[in-house]
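**Q**
In structure tokens:
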């Protein structure tokens with residue numbers, strides 16, 4: 002995810018905001034860099050403020066018809082998603098959170114479950130960005146390649162995964178989200194309770210979360226999501242959430258995007274593993290240098306014992 | 004129109020003071036002990052009971068709350084959502100041998116299980132909540148309460164306007180799905196505005212609700228889309244039934260002492 006904070010930070014001429022590994026996937030918003038260039042030329046006229054922008058979905062609002070109507074999209078994106086952006090911008094002005102990336106704000110304000118005021122808005126912005134990108138016109142069907150292999154490894158078959166996902170989406174009571182996520186190798190996240198505290202790792206899991214919570218707070222790597230807040234399907238499906246979920250799975254899911262996210266997740270997992278190993282190696286080295294000194298002392302005492310016996 | 008519930012929620016309907024009440028302290032409430040019973044308990048010949056609770060109709064026609072709550076919305080909200088909770092609850096109870104013979108009130112409190120809700124809680128509480136909600140509204144509602152209820156509101160909130168502001172603010176700040184209540188707190192002996200998430204309601208804490216507002220999105224989306232503020236105002240100004248709230252607090256006064264008792268001088 003291009004840490005969706007396209008923060009228009011002026012005056013430093015850091016023209017292209019660092020997007021990191023996650024930025025690679027999303028189409029770079031080139032207009033942002035030109036904006037920075039223009040501001041760089043002028044004397045810093047605007048006060049330093051980092052505001053989040055309402056990112057449009059990667060397709061026009063009517064592109065998902067007839068499955069997700071333009072009416073739903075215009076309210077869901079145009080009113081709800083926009084509302085979260087506007088509210089967060091108001092909340093962070095003049096606080097420590099001003100200038101942070103969206104994901105950092107989410108993790109910080111989650112506060113291990115005792116959420117701070119900015120959390121709901123920040124997480125909802127991230128969730129909706131992720132949701133639009135999880136869909137594509139003429140989507141649906143089945144995944145392929147590595148993703149399909151992993152699904153078959155971790156769920157048994159694609160049909161079993163699909164049934165699990167649909168069941169989770171139908172049983173999430175109240176507002177929330179359902180996710181396919183990649184659980185990678187940091188089990189002690191020190192941040193709220195890990196919903197899958199098993200020994201298994203580097204595994205695909207289906208998880209559901211209430212209200213604005215998302216798997217970032219559990220240090221999982223999200224791959225796919227469906228919004229089961231009622232505003233996501235009330236206009237098109239009224240109470241029939243199961244039909245909405247079916248429609249989503251059959252007609253809208255962008256397996257390409259999910260596969261790309263999986264590749265990034267696997268790469269991140271490998272990177273983490275390397276960091277862990279490096280850290281362990283450094284710790285071991287410290288220990289072994291101590292042992293060498295002790296061994297020297299030991300051999301000394303042994304000699305003296307031998308001498309005594311003699 | 005749906006069938007009437009055999010176990011009508013006592014608090015929602017005005018009842019005569021000497022009739023069977025259910026708003027006692029949970030400790031003194033003689034709940035049937037949780038034991039293996041089932042619908043055939045005591046009778047080998049009894050046929051299998053399939054429907055435990057019924058879908059209760061609102062006390063007005065589905066189009067009676069127009070234009071503030073459209074007929075189409077009522078058909079969806081009552082006919083699909085509320086109905087769905089009733090059917091869901093009955094299906095769950097079919098497979099459950101222990102939860103049998105409770106009134107709806109009792110079922111809500113028992114399945115709440117002191118904060119560790121059983122799977123049946125969500126459905127049971129939502130059935131209760133919606134029964135209570137329809138009865139909290141009336142055609143030509145809104146306005147202000149009178150006499151005793153108004154006095155109590157002024158005592159506990161300062162003024163009716165202040166209460167209204169608090170109620171609206173609670174409704175607008177509730178994140179996710181839930182309900183907003185004007186409730187008589189039994190222990191504190193005062194009125195308060197309370198917001199709850201998802202299916203939770205004040206009777207699980209043994210308090211006495213007077214009115215409720217459904218802030219689940221399904222309650223207003225078809226008519227108001229994302230504009231929850233407009234919906235809340237429509238409710239306060241045109242739908243809320245202060246008549247029903249007054250009846251409810253009159254009943255409550257039989258169980259909660261709201262003022263200094265007037266001890267007659269001999």
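Protein chains in written order, with my numbering: chain A, 2 to 311; chain B, 4 to 269.
Yeah, the Cβ is synthetic: ideal placement off N, Cα and C, and Gly gets one too.
#1: Going by beta-carbon coordinates alone, are residue 136 (chain B) and residue 215 (chain B) separated by less than 9 Å?
#2: Below 8 Å on the Cβ atoms is my contact criterion, and I expect residue 220 (chain B) with residue 235 (chain A) to pass it. Report the Cβ-Cβ distance as a whole number of Å.
#3: Should residue 102 (chain A) be labelled buried (16 or more other beta-carbon atoms within 10 Å of its own) or exposed?
#4: Check whether the Cβ of residue 230 (chain A) lies closer than 9 Å to any Cβ atom in chain B.
#5: Check whether the stretch 147–165 of chain A touches the stretch 100–118 of chain A, counting contact only when three or more Cβ pairs, one atom from each stretch, lie closer than 8 Å.
#6: In this structure, how does DSSP classify residue 45 (chain A) when only helix, strand and coil are distinguished?
#7: List, in chain order, every chain B residue whose beta-carbon is nearer than 9 Å to that of residue 236 (chain A).
#8: May I ask which residues mark the beginning and end of the beta strand (DSSP E) holding residue 185 (chain A)?
#9: Considering only the alpha carbon of each residue, which of B:90, B:206, B:96 and B:217 lies closest to residue 237 (chain B)?
#10: Using C-beta distances below 6 Å, list every residue in its chain close to residue 82 (chain B), excluding the 5 sequence neighbours before and after it, in chain order.
#11: Would you call the CB atoms of residue 223 (chain A) and residue 253 (chain A) closer than 9 Å?
#12: Quick one: which residues of the stretch 82–98 of chain B get their C-beta closer than 7 Å to a C-beta of chain A? List them in chain order.
#13: For the beta strand (DSSP E) containing residue 66 (chain A), list its first residue and its last residue.
#14: Roughly how many angstroms separate the alpha carbons of residue 40 (chain A) and residue 157 (chain B), rounded to a whole number?
#15: Can you pull the chain B residues whose beta carbon is under 7 Å from the beta carbon of residue 176 (chain A), in chain order?
#16: Under a Cβ-count criterion, where at least 16 other Cβ atoms within 10 Å of its own Cβ denotes burial, should residue 166 (chain B) be classed as buried or exposed?
#17: Check the Cβ-Cβ distances between residue 273 (chain A) and every residue of chain B, and say whether any is below 9 Å.
#18: For residue 98 (chain B), which residues from the same chain have a beta carbon less than 7 Å from its beta carbon, with the 5 sequence-adjacent residues on both sides left out?
#19: Should residue 180 (chain A) be flagged as near chain B, meaning a C-beta pair shorter than 9 Å?
#20: To be precise: take each residue of the stretch 58–84 of chain A, compare its Cβ to all Cβ atoms of chain B, and keep it if any distance is under 8 Å. Which residues remain?
#21: For the beta strand (DSSP E) that contains residue 215 (chain B), what are its first and last residues?
#22: From A:270, A:172 and A:98, pick the residue whose C-alpha is nearest to that of residue 183 (chain A); which is it?
#23: Can you find the residues in the same chain that come closer than 8 Å, C-beta to C-beta, to residue 143 (chain A), ignoring five residues on each side of it along the sequence?
#24: Given residue 175 (chain B), which residues of its chain have a CB within under 8 Å of its CB, disregarding the five upstream and five downstream residues?
#25: So, do the stretch 146–163 of chain B and the stretch 237–254 of chain B have three or more beta carbon pairs nearer to each other than 8 Å?
#26: Could you tell me if residue 258 (chain B) is buried or exposed, where buried requires 16 or more neighbouring beta carbons within 10 angstroms of its beta carbon?
#27: Keeping to the same chain, check which residues put their C-beta closer than 6 Å to that of residue 140 (chain A); ignore five residues upstream and five downstream.
#28: Give me the Cβ distance between residue 203 (chain B) and residue 185 (chain B), rounded to the nearest whole Å; I'm assuming they're in contact under 8 Å.
#29: Would you mind listing the alpha helix (DSSP H) stretches within the stretch 71–145 of chain B that are 4+ residues and don't spill past its ends, in chain order?
#30: Put residue 216 (chain A) into one of helix, strand or coil per three-state DSSP.
#31: Just grab the DSSP bridge partners of residue 227 (chain A) for me.
#32: Look at the Cβ atom of residue 214 (chain A), then the Cβ atom of residue 123 (chain A), and state whether they are nearer than 9 Å.
#33: Select from the stretch 207–219 of chain A all residues with a C-beta closer than 9 Å to any C-beta belonging to chain B, and list them in chain order.
#34: Shorter than 9 Å from the beta carbon of residue 200 (chain B) to some beta carbon of chain A?
#35: Under a three-way DSSP split, which group does residue 205 (chain B) fall into?
#36: Between residue 92 (chain B) and the rest of its own chain, which residues show a CB-CB distance below 8 Å, the 5 nearest in sequence each way excluded?
**A** On the basis of the coordinates in this document:
#1: Locating residue 136 (chain B) in the second chain gives position 133, where the first residue counts as 1. Locating residue 215 (chain B) in the second chain gives position 212, where the first residue counts as 1. Yes, the Cβ-Cβ distance between residue 136 (chain B) and residue 215 (chain B) is below 9 Å.
#2: To locate residue 220 (chain B), count along the second chain from 1; it is residue 217. To locate residue 235 (chain A), count along the first chain from 1; it is residue 234. Contact holds; Cβ gap of about 6 Å.
#3: Position 101 of the first chain, counting from 1, holds the residue named residue 102 (chain A). By the neighbour-count rule (16 or more Cβ atoms within 10 Å), residue 102 (chain A) is buried.
#4: Sequence index remark: in the first chain, residue 230 (chain A) carries index 229 (1-based). Yes, its Cβ sits closer than 9 Å to a Cβ of chain B.
#5: no
#6: Counting from 1 along the first chain, the entry for residue 45 (chain A) is found at position 44. The pLDDT assigned to residue 45 (chain A) is 46, lower than 50, so where the model puts this residue is not dependable; a value taken from the coordinates is nonetheless given after this. Residue 45 (chain A) falls in the coil class under three-state DSSP.
#7: Residue numbering aside, residue 236 (chain A) sits at position 235 when the first chain is read from its first letter. Residues of chain B passing the Cβ test: 224, 225 and 228.
#8: Position 184 of the first chain holds residue 185 (chain A). Here residue 185 (chain A) belongs to no beta strand (DSSP E), and DSSP marks it neither H nor E.
#9: Along the second chain, read from residue 1 onward, the residue named residue 237 (chain B) stands at position 234. Comparing Cα-Cα distances from residue 237 (chain B) to each of B:90, B:206, B:96 and B:217, the minimum goes to B:217.
#10: In the second chain, residue 82 (chain B) corresponds to position 79, counting from 1. None.
#11: The residue given as residue 223 (chain A) occupies position 222 in the first chain. The residue given as residue 253 (chain A) occupies position 252 in the first chain. It is not a contact, given that the beta carbons lie outside the stated cut-off.
#12: 83, 84 and 87
#13: The residue given as residue 66 (chain A) occupies position 65 in the first chain. Note, residue 66 (chain A): premise wrong, no beta strand (DSSP E); not H, not E.
#14: Counting from one through the first chain, the residue named residue 40 (chain A) turns up at place 39. Counting from one through the second chain, the residue named residue 157 (chain B) turns up at place 154. At residue 40 (chain A), the pLDDT of 43 sits below 50, so the modelled position is not reliable and the matter cannot be decided from this model.
#15: As a working note, residue 176 (chain A) is residue 175 in the first chain. Near residue 176 (chain A) (Cβ distances below 7 Å), the residues of chain B are 179 and 180.
#16: The residue given as residue 166 (chain B) occupies position 163 in the second chain. Residue 166 (chain B) should be labelled buried.
#17: Here residue 273 (chain A) refers to the residue found at position 272 when the first chain is read from its first residue. False, the Cβ-Cβ gap to chain B never drops below 9 Å.
#18: Here residue 98 (chain B) refers to the residue found at position 95 when the second chain is read from its first residue. For residue 98 (chain B), where only same-chain residues beyond five positions count, there are no Cβ hits under 7 Å.
#19: Locating residue 180 (chain A) in the first chain gives position 179, counting from the first residue. Taking Cβ atoms only, chain B never reaches closer than 9 Å to residue 180 (chain A), which makes this a no.
#20: 76, 80, 81 and 84
#21: Along the second chain, one-based indexing puts residue 215 (chain B) at 212. Here the beta strand (DSSP E) through residue 215 (chain B) covers 211–217.
#22: Here residue 183 (chain A) refers to the residue found at position 182 of the first chain. Nearest C-alpha to residue 183 (chain A): A:270.
#23: As a position in the first chain, residue 143 (chain A) is number 142, starting the count at 1. Excluding residues within five positions, the ones whose Cβ falls inside 8 Å are 149, 159 and 256.
#24: Numbered from its first residue, the second chain carries residue 175 (chain B) at position 172. For residue 175 (chain B), where only same-chain residues beyond five positions count, the Cβ hits under 8 Å are 231, 232 and 235.
#25: yes
#26: In the second chain, the residue the question calls residue 258 (chain B) occupies position 255. Per the 10 Å Cβ criterion, exposed.
#27: Reading the first chain from its first residue, position 139 is the one you call residue 140 (chain A). The answer, listed in chain order, is 253, 254 and 255.
#28: Counting from one through the second chain, the residue named residue 203 (chain B) turns up at place 200. Counting from one through the second chain, the residue named residue 185 (chain B) turns up at place 182. Contact doesn't hold; Cβ gap of about 16 Å is too wide.
#29: 74–79, 86–97, 107–115 and 124–138
#30: Along the first chain, read from residue 1 onward, the residue named residue 216 (chain A) stands at position 215. Residue 216 (chain A): helix per DSSP, three-state reduction.
#31: For this step, residue 227 (chain A) is matched to residue 226 along the first chain. According to DSSP, which records beta bridges pairwise, residue 227 (chain A) is partnered with A:179.
#32: On the first chain, position 213 is the one that residue 214 (chain A) refers to. On the first chain, position 122 is the one that residue 123 (chain A) refers to. Contact flag unset, no.
#33: 211, 212 and 213
#34: Counted from its first residue, the second chain places residue 200 (chain B) at position 197. Closer than 9 Å: yes.
#35: As a working note, residue 205 (chain B) is residue 202 in the second chain. Helix, per DSSP.
#36: Counting from 1 along the second chain, the entry for residue 92 (chain B) is found at position 89. Around residue 92 (chain B): 55, 56, 123, 126, 127 and 130.
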